[in-house]
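A.B. asks: I'd like to ask you about the structure that follows.
There are 2 protein chains.
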Amino acid sequence: MESRIERIKKQLHNAKYKLTPQREATVSVLLEHEEDHLSAEDVYLLVKDKSPEIGLATVYRTLELLTELKVVDKINFGDGVSRFDLRQEGAAHFHHHLVCIECGAVDEIQEDLLGDVEQIVEDRWNFRIKDHRLTFHGICSRCSEGNEEKESE
Amino acid sequence: MESRIERIKKQLHNAKYKLTPQREATVSVLLEHEEDHLSAEDVYLLVKDKSPEIGLATVYRTLELLTELKVVDKINFGDGVSRFDLRQEGAAHFHHHLVCIECGAVDEIQEDLLGDVEQIVEDRWNFRIKDHRLTFHGICSRCSEGNEEKESE
DNA sequence: ATATTAACGACAATCATTACAATATGATAA
DNA sequence: TTATCATATTGTAATGATTGTCGTTAATAT
Ligand SMILES: [Zn+2]
Ligand SMILES: [Zn+2]
Ligand SMILES: [Zn+2]
Ligand SMILES: [Zn+2]
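Chains as they are written, first to last, in UniProt numbering: chain E, 1 to 153; chain U, 1 to 153.
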């Protein structure tokens, strides 16, 4: 079976784009950091390790392109920077996020969970849903476990 | 019964802040545009009509303060600016949004709808939810009605 | 080899947001 | 009243993320 990067290459070709060395380096950084939520600057710094001559503008352009092709999703957690998240292969919808207001950790929820809600929205508001963004802000399991004793204060 | 602005004034006082004329002008602009989703710049321009001497920095600080007090919620629809939305009085949670990718309209969903989902997230992920952001992107009712005939093309 | 064109890299420009320094306002104490 | 202190404001400078420009490069077609 072909690799993930091969399939992304095909997606690019279908849309008449090439997988240049810079684009390949960028995609491979994203693949190596699938768990993370990197900003453009983060990606740039990581890509520079492989391809020191790459320019920041190219990274921005590549991320924009990948967003357009829905290879990545662009998301904003409210801290002034856009972050880029590889879309699960074949996933119809973007996954959800848990942002901890204590430690800043960002966890993912791959389960859809919104099926019923989306049905209601489509029906009651007559709105044709194409995409969504769902983020919960709160206290992650690690932070609340560590501080259980403080509850009684 | 006291007015909305009176109650906001009390909230400020409880937190040891004053409702200065500039803050009052800003809040009143927000009240007059409850349906809209204004950026800081938008608010600034509107407030200047009432108080031409107000500074942009003051508007930013006031919006930050109101966000802290949960009088307004700060939201980002992915177009590079933060927008500010008066929180429904007494609402436990922030309302949801429908963003039309055709015409750009932003509609609101005041219903909670997420009760079950939040219960699942709290239980399965052991995450203590404090707030959320839910936005659907798609085609609004007005845009899909107007273009029904195009479906058959 | 020459022309064409997509893609690059370096750097300038833009735009939202924040930081700063000087001034004003308002309450409190001498 | 006058001095003092804290808070809030203003205009402006600085910052930081993102986008635009432009001359160059690299791959492809003629
Ligand atoms: Zn945490
Ligand atoms: Zn994610
Ligand atoms: Zn529309
Ligand atoms: Zn709203």
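Note that CB positions come from ideal geometry on N, CA and C, so glycine has one too. Every value quoted in this text rests on a predicted model; they were computed, and no experiment measured them.
Comparing C-alpha positions only, which one of Ser141/U, Arg133/U and Gln11/U sits nearest to Asn76/E?
C.D. replies: One-based indexing of the first sequence puts residue 76/E at position 76. If we check each option's Cα against that of Asn76/E, Arg133/U comes out closest.
A.B. asks: Step through the CB atoms of chain E and report whether any lies within less than 8 Å of the CB of Cys140/U.
C.D. replies: For this step, residue 140/U is matched to residue 140 along the second sequence. Judged by the 8 Å Cβ criterion, Cys140/U is in contact with chain E.
A.B. asks: So which residues of chain U does Ser144/E contact, with C-beta pairs closer than 8 Å?
C.D. replies: One-based indexing of the first sequence puts residue 144/E at position 144. By Cβ distance, chain U contributes Asn126 and Arg128.
A.B. asks: Please confirm if Lys70/E has its CB atom under 8 Å from at least one CB of chain U.
C.D. replies: Counting from 1 along the first sequence, the entry for residue 70/E is found at position 70. By this cut-off, Lys70/E is not an interface position.
A.B. asks: In or out: Leu12/E buried (at least 16 other Cβ within 10 Å) or exposed?
C.D. replies: Residue numbering aside, residue 12/E sits at position 12 when the first sequence is read from its first letter. So Leu12/E counts as buried.
A.B. asks: Could you check the C-alpha separation between Ala40/U and Glu2/E for me, to the nearest Å?
C.D. replies: Here residue 40/U is taken as the residue at index 40 of the second sequence, counted from 1. Here residue 2/E is taken as the residue at index 2 of the first sequence, counted from 1. If I take the Cα positions, the gap works out to 48 Å.
A.B. asks: By the 9 Å beta-carbon criterion, what residues does the stretch 89-117 of chain U contribute toward chain E?
C.D. replies: Residues passing the 9 Å Cβ filter: His96, Leu98, Cys100, Ile101, Asp107, Ile109, Glu111, Leu113, Leu114, Asp116 and Val117.
A.B. asks: Measuring from the CB of Asp112/E, is there a heavy atom of ligand 2 at a distance below 7 Å?
C.D. replies: Here residue 112/E is taken as the residue at index 112 of the first sequence, counted from 1. False, no ligand heavy atom lies under 7 Å from that Cβ.
A.B. asks: Would you kindly report the start and end of the unbroken beta strand (DSSP E) that includes Glu2/U?
C.D. replies: The sequence position of residue 2/U within the second sequence is 2, counting from 1. Looking at the DSSP string, Glu2/U is not in any beta strand (DSSP E), and its letter there is neither H nor E.
A.B. asks: Please compile the residues from chain E whose C-beta is within a distance smaller than 7 Å of the C-beta of Phe136/U.
C.D. replies: Reading the second sequence from its first residue, position 136 is the one you call residue 136/U. Near Phe136/U (Cβ distances below 7 Å), the residues of chain E are Val121, Phe127, Ile129 and His132.
A.B. asks: Hey, how far is the Cα of Gly115/E from the Cα of Thr26/U?
C.D. replies: Locating residue 115/E in the first sequence gives position 115, where the first residue counts as 1. Locating residue 26/U in the second sequence gives position 26, where the first residue counts as 1. Straight-line Cα distance between these residues: approximately 39 Å.
A.B. asks: Where do the N-terminal and C-terminal ends of the alpha helix (DSSP H) with Gly115/U fall, by residue?
C.D. replies: As a position in the second sequence, residue 115/U is number 115, starting the count at 1. Counting along the chain, the alpha helix (DSSP H) containing Gly115/U begins and ends at Gly115 to Arg124.
A.B. asks: Would you check if the stretch 59-70 of chain E and the stretch 10-24 of chain E touch, i.e. whether three or more CB-CB distances between them fall below 8 Å?
C.D. replies: Touching, yes, given that three or more Cβ pairs across the two stretches are closer than 8 Å.
A.B. asks: Measure the C-alpha to C-alpha separation of Ser51/E and Gly104/E and round it to an integer number of angstroms.
C.D. replies: For the purposes of this step, residue 51/E is identified with residue 51 of the first sequence, where counting begins at 1. For the purposes of this step, residue 104/E is identified with residue 104 of the first sequence, where counting begins at 1. Taking the straight line joining both Cα atoms gives about 30 Å.
A.B. asks: When the cut-off is 8 Å and only beta carbons count, does Lys74/E lie next to chain U?
C.D. replies: Locating residue 74/E in the first sequence gives position 74, counting from the first residue. Yes, because at least one Cβ of chain U sits closer than 8 Å to the Cβ of Lys74/E.
A.B. asks: Cutting at 7 Å between CB atoms, please list the residues of its own chain near His95/U, excluding the five before and the five after it.
C.D. replies: What you label residue 95/U is simply residue 95 of the second sequence in a count that begins at 1. So the list reads Gln88, Glu108, Ile109 and Gln110, once near-sequence residues are dropped.
A.B. asks: By DSSP, does Asp49/E sit in helix, in strand, or in coil?
C.D. replies: Working through the first sequence from its first residue, we reach residue 49/E at position 49. DSSP places Asp49/E in helix when its eight states are reduced to three.
A.B. asks: Counting only Cβ pairs nearer than 9 Å, list the residues of chain E close to Gly78/U.
C.D. replies: Translated into positions along the second sequence, residue 78/U becomes position 78. Lys74, Ile75, Asn76, Ser82 and Arg133, listed in chain order.
A.B. asks: Alpha carbon to alpha carbon, what distance is there between Tyr44/E and Glu153/U?
C.D. replies: To locate residue 153/U, count along the second sequence from 1; it is residue 153. To locate residue 44/E, count along the first sequence from 1; it is residue 44. Because the pLDDT of Glu153/U is 37, which lies under 50, any placement of that residue in the model is unreliable, and the question is left without a value.
A.B. asks: Measure the alpha-carbon distance for Lys130/U versus His137/E and round it to whole angstroms.
C.D. replies: What you label residue 130/U is simply residue 130 of the second sequence in a count that begins at 1. What you label residue 137/E is simply residue 137 of the first sequence in a count that begins at 1. Roughly 6 Å between the two C-alpha positions.
A.B. asks: Output the distance between the C-alpha atoms of Glu122/E and Ser141/U, rounded to the nearest integer angstrom.
C.D. replies: For the purposes of this step, residue 122/E is taken as residue 122 along the first sequence, with counting starting at 1. For the purposes of this step, residue 141/U is taken as residue 141 along the second sequence, with counting starting at 1. Between Glu122/E and Ser141/U, the C-alpha separation is close to 9 Å.
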